[in-house]
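A.B. asks: Chains as they are written, first to last, in our numbering: chain A, 26 to 414; chain B, 143 to 220; chain C, 263 to 431.
Below is the structure I would like to discuss, written out as structure tokens.
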Amino acid sequence: MAVTNITSGKVLFFVNRFLSIAGLCFISQWSLAAVLPEDRADVLFHSYDGGGAEISGPSILVRKKFGEHVSTTLNHYVDNVSSASIDVVTTASPYTEKREENSLSLDYLQEKTLMSLGYTQSDESDFEASTFSMNISQDFFGDLTTLSMGYAQGDNIVRNNTDASFIKDVITRNYRLSLSQVITKNFLMAFALETMSDEGYLNNPYRSVRYLDNTVTRGYTYQSEVYPNTRTSNAFAIRGRYFLPHRAALHGGYRFFTDTWGINANTYELGYTLPYDEDWIFDLTYRYYDQTKADFYSDLFQQPDEFIFLARDKEMSTFTSQTLGIGASYEFKRNGTGILKRGSLNLNYDFIAFDYADFRDVSVSALPGEEPLYAFNASVIRLFVSIWF
Amino acid sequence: MNNAGIIDMRKLILLSFMLVSQGCSTPWVKPYERAHLADPIMNFNRDPVSNNYIHHVYDAREGARGAGIATGGGCGCN
Amino acid sequence: MNKPVKSFIKICSLLISGSVFSMALAASEMNEPAPDFTLKSLNEKNLKLSEYAGNVVLLNFWASWCAPCRLEMPLLNDLHNKYKKLGFVVLGVNVEEQSEKARSYIAERPVDFPVLFDDSNSVSKQYKVVAMPTTVMIDRNGNMRYLHQGYKPGDENKYKKMVKILIRE
Numbered sequence: 026m027a028v029t030n031i032t033s034g035k036v037l038f039f040v041n042r043f044l045s046i047a048g049l050c051f052i053s054q055w056s057l058a059a060v061l062p063e064d065r066a067d068v069l070f071h072s073y074d075g076g077g078a079e080i081s082g083p084s085i086l087v088r089k090k091f092g093e094h095v096s097t098t099l100n101h102y103v104d105n106v107s108s109a110s111i112d113v114v115t116t117a118s119p120y121t122e123k124r125e126e127n128s129l130s131l132d133y134l135q136e137k138t139l140m141s142l143g144y145t146q147s148d149e150s151d152f153e154a155s156t157f158s159m160n161i162s163q164d165f166f167g168d169l170t171t172l173s174m175g176y177a178q179g180d181n182i183v184r185n186n187t188d189a190s191f192i193k194d195v196i197t198r199n200y201r202l203s204l205s206q207v208i209t210k211n212f213l214m215a216f217a218l219e220t221m222s223d224e225g226y227l228n229n230p231y232r233s234v235r236y237l238d239n240t241v242t243r244g245y246t247y248q249s250e251v252y253p254n255t256r257t258s259n260a261f262a263i264r265g266r267y268f269l270p271h272r273a274a275l276h277g278g279y280r281f282f283t284d285t286w287g288i289n290a291n292t293y294e295l296g297y298t299l300p301y302d303e304d305w306i307f308d309l310t311y312r313y314y315d316q317t318k319a320d321f322y323s324d325l326f327q328q329p330d331e332f333i334f335l336a337r338d339k340e341m342s343t344f345t346s347q348t349l350g351i352g353a354s355y356e357f358k359r360n361g362t363g364i365l366k367r368g369s370l371n372l373n374y375d376f377i378a379f380d381y382a383d384f385r386d387v388s389v390s391a392l393p394g395e396e397p398l399y400a401f402n403a404s405v406i407r408l409f410v411s412i413w414f
Numbered sequence: 143m144n145n146a147g148i149i150d151m152r153k154l155i156l157l158s159f160m161l162v163s164q165g166c167s168t169p170w171v172k173p174y175e176r177a178h179l180a181d182p183i184m185n186f187n188r189d190p191v192s193n194n195y196i197h198h199v200y201d202a203r204e205g206a207r208g209a210g211i212a213t214g215g216g217c218g219c220n
Numbered sequence: 263m264n265k266p267v268k269s270f271i272k273i274c275s276l277l278i279s280g281s282v283f284s285m286a287l288a289a290s291e292m293n294e295p296a297p298d299f300t301l302k303s304l305n306e307k308n309l310k311l312s313e314y315a316g317n318v319v320l321l322n323f324w325a326s327w328c329a330p331c332r333l334e335m336p337l338l339n340d341l342h343n344k345y346k347k348l349g350f351v352v353l354g355v356n357v358e359e360q361s362e363k364a365r366s367y368i369a370e371r372p373v374d375f376p377v378l379f380d381d382s383n384s385v386s387k388q389y390k391v392v393a394m395p396t397t398v399m400i401d402r403n404g405n406m407r408y409l410h411q412g413y414k415p416g417d418e419n420k421y422k423k424m425v426k427i428l429i430r431e
């Protein structure tokens, strides 16, 4: 079987635009007004191992108040990537990579209004993301309702490690509205609406699609993927949290997603938080996710340039993912009178099972289009220490 | 850029603001009844760094994005 | 400045002006009789508000889970100790239905003024407590004179001012 030399480099593991999203999620507070968040520091060690990829690293956050109106947050995050995923082993060669992300955000509290500004910079060898965000949060009438809105804009640069002259950009815009509402003294609900709009070079410079080709032994040939240069998506989520009499919390949520690429997705989450013996808190969560494929996605096209747009990214295919997660938190310090007011040690483990309905595992020899459907499992570990000072 | 999308958002924001202003004139949960709501286990976003990371894991591997953890509730203080 | 940023700023200003409505109740002056009540105190004795007639009373509604309440406790303690010789007393009313957390908080951070437990919330309802914390100043004749909702650093100066006025009456 002939192996093409097109990409001696690597295939980007994280889709470009999602990197800036991590920054957006971090900066945007989407949080309660009326009191500034407490001073705290968190040191997290994260690890992902699944489908041939291993990514781990630290995430460090420090939040400090200055006076009673201003709070600053700094975050430093690193991904050390070692990837031999399905796309990498079938079209390129395993690689290692390091991505670094730094964020700074500023909160200003005036009466019941909390205003936030944030900036995130993410760097790796072939992708740079700069994201700026702003958010405003307001408490209403007895603080039973918190309305929050935010806007974020990302300017990203996409490069190609195998082609020094390749340079493209992407602009992402995020609009978000969320509402948190106290329903009863034991029940909280939250609603969120988010519209995201991307413009620019939205595909992956290394990824390819395949088409049927009787002229070669293996029966198919690769060509570069072609994506539209715009994408607009809308997501709506509803969440609830209920306090159980013996001191425990039951929580659940649903999110609906749709975009202009034809992807529709549903996310269902259910969880149980159980404190034990003053110092311990245990968490159990279940998450179910399903999505339909993008209009221009196909695992195997019938001929070259079959359509205007072509994609074979498994993240755009029809698939489901299910997660079972457990967590334990130990509070080693409570009601401290010195510098350390409170401290906790935490461990979370999540097991995620991905099952693809129209993405095939081409590392297995078979007739084109008859390879087994791909599936893989991932283990995610979060080990962290939090201190409040 | 989908201009229609932006206009809808603005109307939606103004509408929510109006609904909320009219709806809640007297708090039906008194501040002294908020002990349970102020409990850390009732916090949607108890560990922000950890939550942000797991959302990043999903965003990177799934097609859907956005409308992640929404927080709030508060302690009713001030 | 592009269109979405302009709309965002417009809506921000709308929300900030909206916050003015929530500020309206923060502090007010009045002159009406303070409802009498009997509550159990830390040492299990029952205390009545009317026992303090002739004194200036600062009634403070607080809870252990309320951060601003915890912030102002030591300052209220200082106020109590400074003016108690002039006929002034601070009464801390804890509003939690289960008082264990409050009792252990006071055990770790004791105060010199009486702490009362309103676990059935009857007094909170009598005084129409709608914010945490809530501070009510009662004059020597048993009339409510000043209501202050919430606590922000610096508010203790407002309390001090009012206490001085009421002491001199």
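Built from N, CA and C at the ideal position, the CB exists for glycine as well.
Just so you know, these numbers come straight off a predicted model, no measurement behind them.
Put Pro300(A) into one of helix, strand or coil per three-state DSSP.
C.D. replies: Residue state, collapsed to three classes: strand.
A.B. asks: Looking at chain B, is there any beta carbon in it that lies within less than 7 angstroms of the beta carbon of Val95(A)?
C.D. replies: Output row for Val95(A): interface = no.
A.B. asks: Does the beta-carbon of Asp188(A) have 16 or more other beta-carbons within 10 angstroms, so that it is buried, or is it exposed?
C.D. replies: Exposed: under 16 other Cβ atoms inside 10 Å.
A.B. asks: On the criterion of 16 or more Cβ atoms from any shown chain inside 10 Å, does Tyr355(A) qualify as buried, or is it exposed?
C.D. replies: Burial call: exposed.
A.B. asks: Hey, could you find the ends of the beta strand (DSSP E) Val425(C) is sitting in?
C.D. replies: Run containing Val425(C): none in the beta strand (DSSP E); it sits in the alpha helix (DSSP H), Asp417 to Arg430.
A.B. asks: Classify Thr240(A) as buried or exposed, calling it buried when 16 or more other Cβ atoms lie within 10 Å of its own Cβ.
C.D. replies: It is exposed - the Cβ of Thr240(A) has fewer than 16 other Cβ atoms within 10 Å.
A.B. asks: Does any C-beta atom of chain A lie closer than 7 angstroms to the C-beta of Tyr174(B)?
C.D. replies: So, not an interface residue.
A.B. asks: Cβ atoms of Tyr322(A) and Ser342(A): under 7 angstroms apart, would you say?
C.D. replies: Yes, the Cβ-Cβ distance between Ser342(A) and Tyr322(A) is below 7 angstroms.
A.B. asks: Excluding sequence positions up to five away, which residues of its chain have a Cβ less than 7 angstroms from the Cβ of Cys328(C)?
C.D. replies: Only Met394 and Pro395 meet the Cβ criterion.
A.B. asks: Cβ of Ser258(A) within 7 angstroms of Cβ of Met221(A)?
C.D. replies: Result yes, Cβ atoms of Ser258(A) and Met221(A) sit closer than 7 angstroms.
A.B. asks: Counting only Cβ-Cβ distances shorter than 7 angstroms, please list the residues of the segment 402-419 of chain C near chain A, keeping chain order.
C.D. replies: Here the close residues are Lys414 and Pro415.
A.B. asks: Take Ala198(A) and list the residues in its own chain whose beta-carbon comes closer than 6 angstroms to its own, dropping the five residues that flank it on each side.
C.D. replies: Sequence check: residue 198(A) is Arg here, not Ala. Closer than 6 angstroms at the Cβ level, and outside the excluded window around Arg198(A), lie Gln178 and Ser222.
A.B. asks: Let me know the secondary structure DSSP gives His71(A) once reduced to three states.
C.D. replies: The answer is strand: DSSP assigns His71(A) an E or B state.
A.B. asks: Check whether the Cβ of Ser386(C) lies closer than 7 angstroms to any Cβ atom in chain B.
C.D. replies: Answer yes: the Cβ-Cβ gap between Ser386(C) and chain B drops below 7 angstroms somewhere.
A.B. asks: Count the other CB atoms, across all protein chains shown, that sit within 10 Å of the CB of Ser388(A); report buried if there are 16 or more and exposed otherwise.
C.D. replies: Ser388(A) is exposed by the Cβ-count criterion.
A.B. asks: Answer with buried or exposed for Leu370(C), where buried requires no fewer than 16 other C-beta atoms within 10 angstroms of its C-beta.
C.D. replies: Rather than Leu, the amino acid found at residue 370(C) in this sequence is Glu. Exposed: under 16 other Cβ atoms inside 10 Å.
A.B. asks: For a test of the three-state rule: what should DSSP assign to Thr213(B), helix, strand or coil?
C.D. replies: For Thr213(B), the pLDDT reaches just 39, beneath the cut-off of 50, and the residue's location in the model is therefore unreliable, although a value from the coordinates is still provided. It is coil, neither helix nor strand.
A.B. asks: I'd like the list of long-range same chain contacts for Leu409(C), defined as Cβ closer than 6 angstroms, with 5 residues on each side in sequence excluded.
C.D. replies: These residues qualify, in order along the chain: Ser290 and Val398.
A.B. asks: Let's see if you can read the secondary structure: which residues bound the beta strand (DSSP E) around Gln146(A)?
C.D. replies: From DSSP, the beta strand (DSSP E) with Gln146(A) extends over Thr138 to Glu149.
A.B. asks: Below 8 angstroms, can you find three or more Cβ-Cβ pairs linking the segment 78-90 of chain A to the segment 182-200 of chain B?
C.D. replies: Yes: at least three Cβ pairs fall under 8 angstroms.
A.B. asks: What residues in its chain sit with their C-beta under 7 angstroms from that of Gly225(A), if we drop five residues either side in the sequence?
C.D. replies: Here the set comprises Lys193, Asp194, Val195, Ile196 and Asn254.
A.B. asks: Taking the beta carbon of Ala58(A) as the centre, do at least 16 other beta carbons fall within 10 Å, making it buried, or is it exposed?
C.D. replies: Because the pLDDT at Ala58(A) is just 40, under 50, the model does not fix this residue reliably, and the point stays unresolved.
A.B. asks: For chain C, check one thing: does any of its Cβ atoms lie closer than 7 angstroms to the Cβ of Ala209(B)?
C.D. replies: No, its Cβ sits nowhere closer than 7 angstroms to a Cβ of chain C.
A.B. asks: Am I right that Val377(C) and Asn339(C) are in contact with their C-beta atoms under 8 angstroms? What's the rounded C-beta distance?
C.D. replies: So it is not a contact: roughly 11 angstroms between Cβ atoms.
A.B. asks: 7 angstroms is my cut-off, CB to CB: does Ala286(C) come that close to chain B?
C.D. replies: Reliability of the predicted coordinates at Ala286(C) is poor, the pLDDT of 43 falling under 50, and the value obtained from them is presented with this limitation in mind. So no, Ala286(C) is outside the interface.
A.B. asks: I'd like the span of the beta strand (DSSP E) that includes Ile306(A), first residue to last.
C.D. replies: Note, Ile306(A): beta strand (DSSP E), Trp305 to Gln316.
A.B. asks: Should Leu86(A) be counted as a contact of the ligand ADP given a C-beta to heavy atom distance under 6 angstroms?
C.D. replies: Of ligands this structure carries none, so the ligand ADP is not represented either.
A.B. asks: Thinking Leu370(A) and Ala382(A) are a contact (beta carbons under 8 angstroms), I'd like their distance in whole angstroms, please.
C.D. replies: Actually they are not in contact, since the Cβ atoms of Leu370(A) and Ala382(A) sit about 40 angstroms apart, beyond 8 angstroms.
A.B. asks: 7 angstroms is my cut-off, CB to CB: does Leu57(A) come that close to chain C?
C.D. replies: Bear in mind that the predicted position of Leu57(A) carries a pLDDT of just 34, short of 50, making it unreliable; the figure below should be weighed with that in mind. Judged by the 7 angstroms Cβ criterion, Leu57(A) is not in contact with chain C.
A.B. asks: So is Trp286(A) buried or exposed if we call it buried at 16+ other beta carbons inside 10 Å?
C.D. replies: Trp286(A) should be labelled buried.
A.B. asks: From what residue to what residue does the beta strand (DSSP E) around Pro295(C) run?
C.D. replies: Run containing Pro295(C): Ala289 to Pro295, per the beta strand (DSSP E) assignment.
A.B. asks: Note the first and the last residue of the continuous beta strand (DSSP E) segment covering Thr246(A).
C.D. replies: Tyr245 to Ser249 is the extent of the beta strand (DSSP E) around Thr246(A).
A.B. asks: Just to make sure I have the definition right: I need the residues of chain A whose C-beta is within less than 7 angstroms of the C-beta of Ala329(C). Which are they?
C.D. replies: Residues of chain A passing the Cβ test: Val60.
A.B. asks: Quick check: the segment 329-349 of chain A against the segment 262-278 of chain A, are there 3 or more CB pairs under 8 angstroms?
C.D. replies: With the cut-off at 8 angstroms, the segment 329-349 of chain A and the segment 262-278 of chain A do not touch.
A.B. asks: Tell me which residues share the same chain as Val28(A) and place their Cβ nearer than 6 angstroms to its Cβ, disregarding the 5 neighbours each side in the sequence.
C.D. replies: Low confidence applies to Val28(A): its pLDDT is 37, below 50, so where it sits in the model is not reliable, and the reading given next is rough at best. Hits under 6 angstroms: none found.
A.B. asks: Could you tell me the distance, in whole angstroms, from the CA atom of Pro295(C) to the CA atom of Lys387(C)?
C.D. replies: Distance between the alpha carbons of Pro295(C) and Lys387(C) is about 15 angstroms.
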